[in-house]
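Here's the structure we're looking at; comments come further down.
Right, here's the structure in full:
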């Protein structure tokens, strides 16, 4: 019983914090996919750029994370508007296959760019001493960093929820997504709105990359490597559902942690079996009233 | 028409004879098969800097022949591409010798080609035990996995660490580490508390670290391929505080040392190269590396040191061609069988019969010296026999 309890504590603590990291790198894609219907597989390239930028600012210029992370997020958000105007505009309304093809091409481009700019090594990144400290929660040692990430994730969720449900920007965005033509007719600048939404999504990705680097190390293959995990979260949360995606990410984190802790031999595929099962169930098992 | 044809043939023949006559002055080409892009691109960088460091000291001539290096990128483990590249280099570029080979599958698939073209190939890193036996033209200048892991098991027992845990990445090299450690450790009377194979798609290693922590072993043998995966795993180990009071031993981690923080102090690793080795040859190697590349220089690692020693072997093969009209592959391989020399990794040798490497193994520990994390040698084992060689069995 004692052992079971301490195992459960471990799974809860580490699973949730892992899930929150997944949430921070996925939420941007949940947004852009849900709002703009663009399958942006290159989403994690923005996360990688954000991470690289923030860590480089800290390493090379001695800025604290409190300065370098917002700077990196802002820079990536602005950069993403340029990219959106140049490339992504052509994808609005295009077929999924075209979207996948182009965004995969963008991943290859970004991997090569990172390799060229920063080299093939994992980017050396150290935690600030305050975050590297270990504290005990009900007898379990856990790094401050994990708690910090969890708090950041919670704040993020709250802010997004506020923006979408309470601000005029959120209302206009929801209107544009539901019916772009109508929204335009009543004087909403849909083009500009989508640019802003895209920048928001990319900025969130950059935040995930910059905050999550101690669990997801920064390396050139980053945009490819964590894509399956992000897609699991995106697929399970449904279009643009922020609250669901937070739940799903934490769920994935906890299940993954539990499997690896309890059944390490089969841990590699449990999460994917779960994904297949849930997708099948959600498709067939919807209540008749919704169908 | 027929006359034009005859003239053309004559011209071609003349060119051919001419080409043959001048071949003695032509440089000998060495094809380097490695990864310069993709997930393991760091290995190619280390290989290349090791090679060029050797050339910055010993020049680009071996004996009386100029040497030309041809670097080929196969972008990550890709047996089919490795085979194609070796074939292309041997047939079209007329490369006489080969070097490189980071991961084992590539060396395996190149074996049939180098046997056919009779091209001596020096394996810089691939550590799967059976590789050298795949071709009589293979020579390895890195240990196979058993040679690295067996000394760890012996050291553990010798220093009274009798209860062990094994955690390896779930792929062939990881399985080799697991088997080598388990076999030797149990034979010496040790006790295994648990063995885990960690899937390669693991992102958060905390659960595996938790399993190790709750078993409370004296020594933990770990192996995860270097790069991002190793960094994640080691971060998980250190943030759990496991390294403070328990011995955890991994395989060659120098490439990733810069990414570590103080929590990594007391992490052990075994390698055939120790940057701290206080020999003249090692000092020369480290200084030349720094002088040649300046700020771009990689840390001296087992990869760059092996490439450096690999060049020593390749140059000796070329020197053996003195006075020979055409490249004599058998003579080249014979010239390095039983060859012993002093390099950055200490006095090392190539076994006379098996063409396997006879390395020194260094068990090292990360310590903080002058404010910098460094690997310090805690145990040196010289001339480690290959457990697969007839003599060692």
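Residue numbers (this note's numbering), protein chains in the order written: chain R, 29 to 319; chain Z, -12 to 380. A virtual CB, placed ideally from N, CA and C, is assigned to each residue, including glycine.
Spatially closest choice to residue i from the options, by CA coordinates
i                      : options                       : result
residue 275 of chain R : R:35, R:36 and R:44           : R:44
residue 338 of chain Z : Z:162, Z:74, Z:350 and Z:119  : Z:119
residue 353 of chain Z : Z:344, Z:54, Z:328 and Z:363  : Z:363
residue 189 of chain Z : R:69, R:36 and R:285          : R:285
residue 277 of chain R : R:287, R:214, R:55 and R:62   : R:55
residue 108 of chain R : R:158, R:234 and R:199        : R:234
residue 48 of chain R  : R:87, R:200, R:136 and R:177  : R:177
residue 125 of chain Z : Z:56, Z:86, Z:267 and Z:134   : Z:86
residue 88 of chain R  : R:102, R:190 and R:151        : R:151
residue 60 of chain Z  : Z:115, Z:70 and Z:291         : Z:70
residue 14 of chain R  : R:83, R:288 and R:34          : This structure gives no information on residue 14 of chain R, because the portion of chain R shown stretches from 29 to 319.
residue 160 of chain R : Z:258, Z:174, Z:332 and Z:224 : Z:224
residue 35 of chain Z  : Z:294, Z:307, Z:309 and Z:78  : Z:294
residue 301 of chain Z : Z:26, Z:54 and Z:13           : Z:54
residue 367 of chain Z : Z:135, Z:33 and Z:89          : Z:135
residue 24 of chain Z  : Z:297, Z:89, Z:110 and Z:323  : Z:89
residue 269 of chain R : R:202, R:219, R:218 and R:207 : R:202
residue 397 of chain Z : Z:146, Z:208 and Z:282        : Since the first and last residues shown for chain Z are -12 and 380, residue 397 of chain Z lies out of range.
residue 155 of chain Z : Z:137, Z:102 and Z:220        : Z:220
residue 149 of chain R : Z:235, Z:31 and Z:206         : Z:31
residue 130 of chain Z : Z:355, Z:348 and Z:365        : Z:348
residue 221 of chain R : R:36, R:40, R:117 and R:295   : R:117
residue 237 of chain Z : Z:26, Z:137 and Z:115         : Z:137
residue 281 of chain Z : Z:355, Z:56 and Z:40          : Z:40
residue 182 of chain R : R:52, R:106 and R:41          : R:52
residue 262 of chain R : R:81, R:162, R:36 and R:67    : R:67
residue 193 of chain Z : R:132, R:282 and R:255        : R:282
residue 77 of chain Z  : Z:58, Z:62, Z:56 and Z:100    : Z:100
residue 106 of chain R : R:211, R:229, R:35 and R:287  : R:229
Three-state secondary structure (DSSP) of residue i
i                      : result
residue 283 of chain R : helix
residue 252 of chain Z : coil
residue 136 of chain R : helix
residue 156 of chain R : coil
residue 250 of chain R : helix
residue 270 of chain R : helix
residue 108 of chain Z : strand
residue 99 of chain Z  : helix
residue 73 of chain R  : helix
residue 342 of chain Z : coil
residue 353 of chain Z : strand
residue 85 of chain Z  : strand
residue 364 of chain Z : strand
residue 49 of chain Z  : strand
residue 370 of chain Z : coil
Residues sharing a beta bridge with residue i, DSSP
i                      : result
residue 33 of chain Z  : Answer is none; residue 33 of chain Z lacks a bridge partner.
residue 169 of chain R : R:164
residue 305 of chain Z : None; residue 305 of chain Z has no bridge partner.
residue 328 of chain Z : Z:335
residue 178 of chain Z : Z:150
residue 299 of chain Z : According to DSSP, which records beta bridges pairwise, residue 299 of chain Z is partnered with nothing at all.
residue 207 of chain Z : Z:152 and Z:235
Pairwise C-alpha distance: residue j and residue i
i                      : j                      : result
residue 351 of chain Z : residue 50 of chain R  : 35 Å
residue 276 of chain Z : residue 45 of chain Z  : 13 Å
residue 244 of chain R : residue 90 of chain R  : 22 Å
residue 369 of chain Z : residue 346 of chain Z : 7 Å
residue 373 of chain Z : residue 211 of chain Z : 22 Å
residue 330 of chain Z : residue 260 of chain Z : 10 Å
residue 226 of chain R : residue 249 of chain Z : 39 Å
residue 197 of chain R : residue 174 of chain R : 32 Å
residue 16 of chain Z  : residue 81 of chain Z  : 7 Å
residue 157 of chain Z : residue 217 of chain R : 53 Å
residue 8 of chain Z   : residue -7 of chain Z  : Confidence is the limiting factor: at residue 8 of chain Z the pLDDT is only 45, short of 50, which leaves the residue's position unreliable, though a coordinate-based value still follows. So the alpha carbons of these two residues sit roughly 22 Å apart.
residue 260 of chain R : residue 235 of chain Z : 34 Å
residue 331 of chain R : residue 298 of chain R : The first residue shown for chain R is 29 and the last is 319, placing residue 331 of chain R beyond what the model contains.
residue 52 of chain Z  : residue 293 of chain R : 54 Å
residue 102 of chain R : residue 138 of chain R : 19 Å
- Task: Answer yes if the region 68 to 77 of chain R comes into contact with the region 135 to 144 of chain R, meaning at least three C-beta pairs across the two stretches below 8 Å, and no otherwise.
- Result: By the Cβ criterion, the region 135 to 144 of chain R is in contact with the region 68 to 77 of chain R, since at least three pairs of Cβ atoms, one from each stretch, lie closer than 8 Å.
- Query: Any chance the region 121 to 129 of chain R sits against the region 242 to 256 of chain R, with 3 or more Cβ pairs inside 8 Å?
  - Reply: The region 121 to 129 of chain R vs the region 242 to 256 of chain R: no contact.
- Message: Count Cβ pairs between the region 65 to 79 of chain Z and the region 96 to 109 of chain Z that sit closer than 8 Å; are there 3 or more?
- Response: In this structure the region 65 to 79 of chain Z touches the region 96 to 109 of chain Z; the number of beta carbon pairs closer than 8 Å is three or more.
- Query: Is it true that the region 262 to 269 of chain Z meets the region 164 to 178 of chain Z, where meeting means three or more beta-carbon pairs spaced less than 8 Å apart?
  - Reply: Contact fails: fewer than three Cβ-Cβ distances are below 8 Å.
- Looking at C-beta atoms only, is the number of pairs between the region 221 to 235 of chain R and the region 55 to 65 of chain R that lie closer than 8 Å three or more? With the rule of 3 Cβ pairs closer than 8 Å, the region 221 to 235 of chain R counts as touching the region 55 to 65 of chain R.
- Item | Contact between the region 304 to 323 of chain Z and the region 150 to 167 of chain Z (3+ Cβ pairs under 8 Å) | The region 304 to 323 of chain Z is not in contact with the region 150 to 167 of chain Z.
- Should the region 104 to 113 of chain Z be called in touch with the region 142 to 157 of chain Z, which here means at least 3 C-beta pairs below 8 Å? Segments in contact, no.
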